[in-house]
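Engineer:
Number of protein chains: 4
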Amino acid sequence: MRPINVALIGYKFMGKAHSHAFKDVNFFFDLELQPVRKVICGRNPEPLKKAAQKWGWEEYSTSWKEVVERDDIEIVDICTSNNMHRDIAIAAAENKKHILCEKPLAMNVGEAKEMVQAVEEAGVKHMIGFNYRRVPAVVLAKKLIEEGRLGTIYHFRAAYLQDWIVDPDFPLIWKLRKEVAGSGPHGDLNAHLIDLAHYLVGDIKSVMCMTTNFIKYRKLPAEERELSTMLTAKSGEGMGEVTVEDAAFLLAEFENGILGSFEATRFASGRKNYNYFEIYGSKGSIIFNLERLNELQFYSREDTPETQGFRTILVTEEVHPYISAWWPPGHIIGYEHTFVHEIADFLECIAKDTLPIPNFYDGLKCQAVLDAALLSAEKGERVLVKDLLK
Amino acid sequence: MRPINVALIGYKFMGKAHSHAFKDVNFFFDLELQPVRKVICGRNPEPLKKAAQKWGWEEYSTSWKEVVERDDIEIVDICTSNNMHRDIAIAAAENKKHILCEKPLAMNVGEAKEMVQAVEEAGVKHMIGFNYRRVPAVVLAKKLIEEGRLGTIYHFRAAYLQDWIVDPDFPLIWKLRKEVAGSGPHGDLNAHLIDLAHYLVGDIKSVMCMTTNFIKYRKLPAEERELSTMLTAKSGEGMGEVTVEDAAFLLAEFENGILGSFEATRFASGRKNYNYFEIYGSKGSIIFNLERLNELQFYSREDTPETQGFRTILVTEEVHPYISAWWPPGHIIGYEHTFVHEIADFLECIAKDTLPIPNFYDGLKCQAVLDAALLSAEKGERVLVKDLLK
Amino acid sequence: MRPINVALIGYKFMGKAHSHAFKDVNFFFDLELQPVRKVICGRNPEPLKKAAQKWGWEEYSTSWKEVVERDDIEIVDICTSNNMHRDIAIAAAENKKHILCEKPLAMNVGEAKEMVQAVEEAGVKHMIGFNYRRVPAVVLAKKLIEEGRLGTIYHFRAAYLQDWIVDPDFPLIWKLRKEVAGSGPHGDLNAHLIDLAHYLVGDIKSVMCMTTNFIKYRKLPAEERELSTMLTAKSGEGMGEVTVEDAAFLLAEFENGILGSFEATRFASGRKNYNYFEIYGSKGSIIFNLERLNELQFYSREDTPETQGFRTILVTEEVHPYISAWWPPGHIIGYEHTFVHEIADFLECIAKDTLPIPNFYDGLKCQAVLDAALLSAEKGERVLVKDLLK
Amino acid sequence: MRPINVALIGYKFMGKAHSHAFKDVNFFFDLELQPVRKVICGRNPEPLKKAAQKWGWEEYSTSWKEVVERDDIEIVDICTSNNMHRDIAIAAAENKKHILCEKPLAMNVGEAKEMVQAVEEAGVKHMIGFNYRRVPAVVLAKKLIEEGRLGTIYHFRAAYLQDWIVDPDFPLIWKLRKEVAGSGPHGDLNAHLIDLAHYLVGDIKSVMCMTTNFIKYRKLPAEERELSTMLTAKSGEGMGEVTVEDAAFLLAEFENGILGSFEATRFASGRKNYNYFEIYGSKGSIIFNLERLNELQFYSREDTPETQGFRTILVTEEVHPYISAWWPPGHIIGYEHTFVHEIADFLECIAKDTLPIPNFYDGLKCQAVLDAALLSAEKGERVLVKDLLK
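Chains as they are written, first to last, in the numbering used here: chain G, 1 to 390; chain X, 1001 to 1390; chain H, 2001 to 2390; chain Z, 3001 to 3390.
1) The ligand MG and Z/V3067: does any heavy atom of the ligand fall closer than 6 Å to the residue's C-beta?
2) Where does G/D71 sit, in a helix, a strand or coil, going by DSSP?
3) Using only alpha-carbon positions, find the residue among G/P168, G/V385, G/D163 that is nearest to G/V369.
4) Of the residues Z/K3054, Z/L3048, Z/E3066, Z/E3069, which one's Cα is nearest the Cα of Z/Y3060?
5) Run down chain B in chain order and give the residues with a C-beta less than 8 Å from the C-beta of H/A2373.
6) Taking only beta carbons into account, state which residues of the segment 3312 to 3335 of chain Z come closer than 9 Å to chain G, listed in chain order.
7) Please go through the same chain and pick out, in chain order, the residues whose beta-carbon is closer than 6 Å to the beta-carbon of X/I1165, but skip the five residues on each side of it.
8) Would you mind working out which of H/T2312, H/E2302, H/E2348 sits nearest X/E1291, comparing C-alpha positions?
9) Taking all protein chains shown into account, decide if X/P1358 is buried (16 or more other Cβ within 10 angstroms of its Cβ) or exposed.
10) With a threshold of 8 Å on Cβ separation, who are the neighbours of X/D1072 within its own chain once the five nearest residues in sequence on each side are excluded?
11) Is X/M1208 close to chain G? Criterion is C-beta to C-beta, closer than 7 Å.
12) Any beta carbon of chain H sitting closer than 7 Å to that of Z/E3381?
13) In chain G, what lies closer than 7 Å to H/Q2308 by C-beta?
14) Below 7 Å between beta carbons: does that hold for G/K175 and Z/L3314?
15) Between the C-alpha atoms of H/S2376 and Z/V3135, what's the straight-line distance to the nearest angstrom?
16) Let me know the secondary structure DSSP gives X/T1152 once reduced to three states.
17) Taking just the CA atoms, how far does H/F2262 sit from H/P2321?
18) Kindly indicate if chain G contains any beta-carbon less than 7 Å away from that of Z/K3272.
19) Could you tell me the boundaries of the alpha helix (DSSP H) in which X/I1350 lies?
20) Who are the neighbours of G/F391 on chain H, taking C-beta pairs under 9 Å?
21) Could you tell me whether the segment 2009 to 2018 of chain H touches the segment 2026 to 2036 of chain H, using the rule of 3 or more Cβ pairs below 8 Å?
22) Mark Z/D3387 as exposed unless 16 or more other C-beta atoms lie within 10 angstroms of its C-beta, in which case mark it buried.
23) Spell out a yes or no on whether the segment 177 to 196 of chain G and the segment 335 to 342 of chain G are touching, meaning 3 or more CB-CB pairs, one atom from each, closer than 8 Å.
24) I want to verify the contact list: residues of chain H whose CB lies under 9 Å from the CB of X/K1054, in sequence order.
25) Among all the DSSP beta bridges, which residues are the ones paired with Z/K3175?
26) Return helix, strand or coil for G/T307, following the three-state DSSP convention.
27) Work out the CA separation of G/Y299 and Z/E3066 for me, nearest whole Å.
28) Can you list, in chain order, the residues of its chain with a C-beta nearer than 6 Å to that of Z/N3256? Leave out the 5 residues immediately preceding and following it.
29) Considering only C-alpha positions, which residue in the set G/S183, G/T80, G/I40, G/G56 is nearest to G/C101?
30) Give a yes or no on whether the minimum CB-CB distance between Z/F3267 and chain H is below 7 Å.
31) What do you reckon, are the CB atoms on G/A159 and G/Y280 nearer than 7 Å?
32) DSSP on X/V1124, reduced to helix/strand/coil?
33) Under a CB-based cut-off of 7 Å, is Z/A3247 close to chain H?
34) Hey, G/G284 and G/L150: beta-carbon distance below 7 Å or not?
35) In the structure shown, what three-state DSSP assignment does G/M14 receive?
36) In the DSSP output, which residue or residues are listed as bridge partners for H/F2249?
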């Protein structure tokens, strides 16, 4: 195994998930490359230092700009808030680093195009962190579709439902601010669903969208009272405006005639990380729910008529994607395993000199649908996705 | 019990369901009225005669016009294809009959308004056959919402999925012809969902809709080859055009701020009669699926934090709506029971001289949303429901 | 259709279910015979009269002995408490009536043998009311097993769980008294499971059993205070002893090598009518739950390896047993439908002069297993079923 | 953090799971100790060396005897086949090592007693690897029971079902040989269930058991043809006898009056790692299934009557046991996480100088029930557990 040095920018939720994946990937997978957790970057030195120690990074740095210029770094992994993606990715590309960037790729199509151009010019490997493409059950779904076991596909119905801001006392964190996050559950959750649709069934032609806000003002987070200048505190002392949508529902017509829907919200009490989709075809159907990510439901019209039904496949058999690296049948895996798969595949692409999938092109395509949807919501009209890519 | 004579128009699926309900209603419920299955009407004397005998109707007639004029008839029950609803209902009203009419109320808002006017002028009781309002689990949902156990409601997500025309060899029956059915799954299935939304959470303000067709030409049904003049046989001998949509998906903004969706299709392989909705509120959530109509899922944020989860209530307890008439806990009821409840309530309203719910006003309101959605699909724009009611 | 006169003995829960089935059977099924609800029998004239009126019986009588001697009666249907089965059945047989008897057949094997002898000598048709053999999903299970789709069967795991006496204030009704009921959930619930095992997978060779009581004394029911002489009121005024078991669990070795279990209790909080079984074979498996009686779960090792999983068959298709008489796919049926099927089949057997299944022989075989289990619990030993049939 | 050196004996399935846990434990948990993967032991140097490299062990050794005597080793972790547990544990104890031993503790009660005596005399920490006590949902179940939310418990119904030897061509591996494994699914799977019962609801008083074999002879594994001397090759060339049971079902009476059942088999087609239990109490009930280990079902009779139902708690909230170390709500964990929890707790006990739970006393108690059950199966009688502990 050849060691390869990694710089990770960001040390929150995604930073932890990626750190763990880099740590575990060689334990489970036989790879040509062995990632070295070289340096982790962030703005706050204290928690950053702790993260570095706990997660096994050799160094930490508060300057991502210096880090992406270091000669010893081969991979830059971007786990920051969305408004930082473009600058870091472009700098990393200019320094010839391979890049793994969390989703959504950018704040908008314009940024995404710049990023695509940068990696193209640099000739580096680039990947976008749509990790749910690496759920074994999702890969199995892809395989069944490619084998024709669903026949012609008629519908893709997807929802990504959470409830972590239903409480009106939940504070105004960065994910609720347009300047930092770009959008709300749309970019956070619909992005995943749209990418899964692209992966599984095809490209989207046009969309109609409605968005809404249920709670318009929230209290500022304790640690960010000093940031109040960036907020319009309309509704009282220590309060700020939620500038992203709370929910975004969209209908989609696909290029191949599929009629689909995508619904993302953070106001679905009882749903925690309910990334759910149903695919209906002329020969069969598929259902997936991330909260039960070890399972795939499959219905086949090719079964004998009296035994047709949705079967719950426990996707933990050796014949299933990625599973042979893990445990015997019935011993389920968890959320973080998708990142191990992602990193394993990313490293293999670098080793084999092939382009990872999904990459920045996929990120751009997803961004175009996201932007088209928001435009549709604004104008109250059906919007063609290609008009965003002109 | 006072006997009350009923005339039933139509002897297919709904004719059977209603006939059975009239037969069984006094077995299970204590009512002031006892319906007498007096006369059943239809066009084809042979099958009509058989239906009359098997289902216990005293007479049969091929002239609904004569029947609705008979003095001995007090109730006219309309179970015909949709294009007949208006004429029969208006004639029945003019003859001072109480009317139960299957859904959707009419072919369009214009017809629905005429029907409303007719029953208003006649002063008769009128009811529309949105039977799913009489599923015990749905009534329980209503009760929980009214008690405030869901708090402020944020989302109503509904789907009505079937698969009975996925097979391209399925023939061009009346439900696939606009002249007879008015629309496809939109009027057939979305109508139910929209009525449930009206019943459970409130009125709809505006909609965005997409519809589509997957199979445009189908073979004529064997028994209807002579009808070929009414069809545009474009794609070959014995074939006819499907003139209603195969699927209709819509987004909805409610008057009270709810963001919702309604998705109806007959192309969802594996879904048979999947009338499904989710309601998310600030304090709790509810899930219902007609294929498991004895169950209601309920999530409460008021449970202790570590025990919150969707509970599956088996709605078969004596404390549950309608159940005391039936069996002990855990002994489930079926689809046809909703009609027994509907007829029981209808008879009680006649006996007590009160207006049944849902009635023609509800039917009209539903029709306006249906029409608004089709208009939205056609224009590619958001449409205000109130514009249809002007 | 030829009319055939029926006398029903008993007017409680089973009386209602059977009455309804006699009422509805010709509405749904095409039969040679048309049952006439001639006379209903019971001890209490007031409620009996009401039942007769509501359920459509022409007459009522407080003397079953007179009724079973009437020349105009062809069918005697026994829905009384268990301690009456033998006498009524023997009298009915002597009067050459066809007999439908509720389960369990008798209070013990001795009585069951007498009943078998009586019907054999009389040459009448006899059936036992194991109605769950008439659940479409159960008949489908039987068909799959007979087609070899489960291969060699290894396990039959069954449970019948209820919770209606968990409340210590629930009174001492007849089902809790050995003199009237014979046994508790063992005869009430395990009887069903054992019969299903006999029907689906084969005969039982030996058993080991444990039984227990959780609440030994209960208050007398209000209407039965005068019965206190038949009770041993040990624990205070108005209290009586529970003389049947509260739960009975047994292990079973089948003649064909299957290892099975049967567990019945009335102390399973949350389980209402949870009649559940799993059958595991070399080629596939089956799961059934009466609370979702329209569904059957089926696992097949003959599916492609990566798509194996328990499929939930919605047993509402025309190809499924009994369903063509009812509604379109996805329109579920309920508990009482099993009785309609039972009566339909019973009438057909009378019309065709064939022996109904299950009949008194099946009732006797079930009784032997029940008795063997209680003997095992008493002695703390494995008991051979055949020893009970000597 | 203080480093603490570990020796791991065994490098198969459990060796991998434990290795990973030692690797990951400090990434997620804040502990006083940091385990150092010092040396891994096994018999076959080639695969052992690979395992050492892949799993990050500094050294490997083919002599566990030498290793347990090394001064630099503080923890001995026993992941061998069952027949080695006693000798290694006693040697480790004599060398004053803290011991983590996989389950079942021993081949029989006699061995287990010797092991208990050894660790008592040595004064070392000892733990037994009943890792399912560390599933968050199971710990939540324990908490709910301790809080009295189930009231008096009436039933514990458990099953551990697998299907990995249904195929008659599956070879005669060590787990199918009594000399090596002690017993079949009884010691392998029932052991887990019995320990969970001890943990959750109390001690077992007496048992009745049936065991069986479905496939008596199997082909020898390719790599073990040379072992044929230890096998009785009765049924042909290259075949050997299965000397453990294929299934073991038992009934149990608990000291506190609970009536329970335990059913383990490797012949349940479709069940992969189905460790399932139901607990029924006077106030509520609980259901758990390891194949969905992130969920706990809970029924409470204290809910309002019309909303009682089994709720599915997604045990991924910060308030749930162990979860704060992992991911946000709805981001599920997998099978291997139970070992991380186990190792974290084990290390904390060493650091805090307290006895881990479950320990060798728990292992002995479980062994007594296991032996009592096999004795019951052999004698066809109810057996008292205490008789095995004399």
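Note that the Cβ used here is the ideal one computed from N, Cα and C, for glycine as well.
Structural biologist: Answer, in terms of the structure:
1) With respect to the ligand MG, the structure offers nothing, as it holds no ligand at all.
2) coil
3) G/V385
4) Z/L3048
5) As a matter of chain content, chain B is missing from the structure shown, whose protein chains are G, X, H and Z.
6) L3314, T3316, E3317, W3326, W3327, P3328, P3329, G3330, H3331, I3332, I3333, G3334, Y3335
7) R1266
8) Of the candidates H/T2312, H/E2302, H/E2348, the residue whose Cα lies closest to the Cα of X/E1291 is H/T2312.
9) The residue in question, X/P1358, is buried, as its Cβ has 16 or more Cβ neighbours within 10 Å.
10) N1005, K1038
11) yes
12) yes
13) I313
14) Between G/K175 and Z/L3314, the gap from beta carbon to beta carbon reaches 7 Å or more.
15) Going by C-alpha positions, H/S2376 is about 37 Å away from Z/V3135.
16) coil
17) 26 Å
18) yes
19) 1337 to 1352
20) There is no way to answer for residue 391 of chain G, as the model of chain G reaches only from 1 to 390.
21) Contact fails: fewer than three Cβ-Cβ distances are below 8 Å.
22) With fewer than 16 other CB atoms across the displayed protein chains lying within 10 angstroms of its CB, Z/D3387 is exposed.
23) no
24) In chain order: N2026, F2027, F2028, D2030.
25) Paired residue(s): none; Z/K3175 is not in a bridge.
26) helix
27) 57 Å
28) Same-chain partners within the cutoff: G3202.
29) G/T80
30) yes
31) Not a contact, by the Cβ cut-off of 7 Å.
32) coil
33) yes
34) yes
35) Helix at G/M14.
36) BP columns for H/F2249 point to H/M2210, H/E2263.
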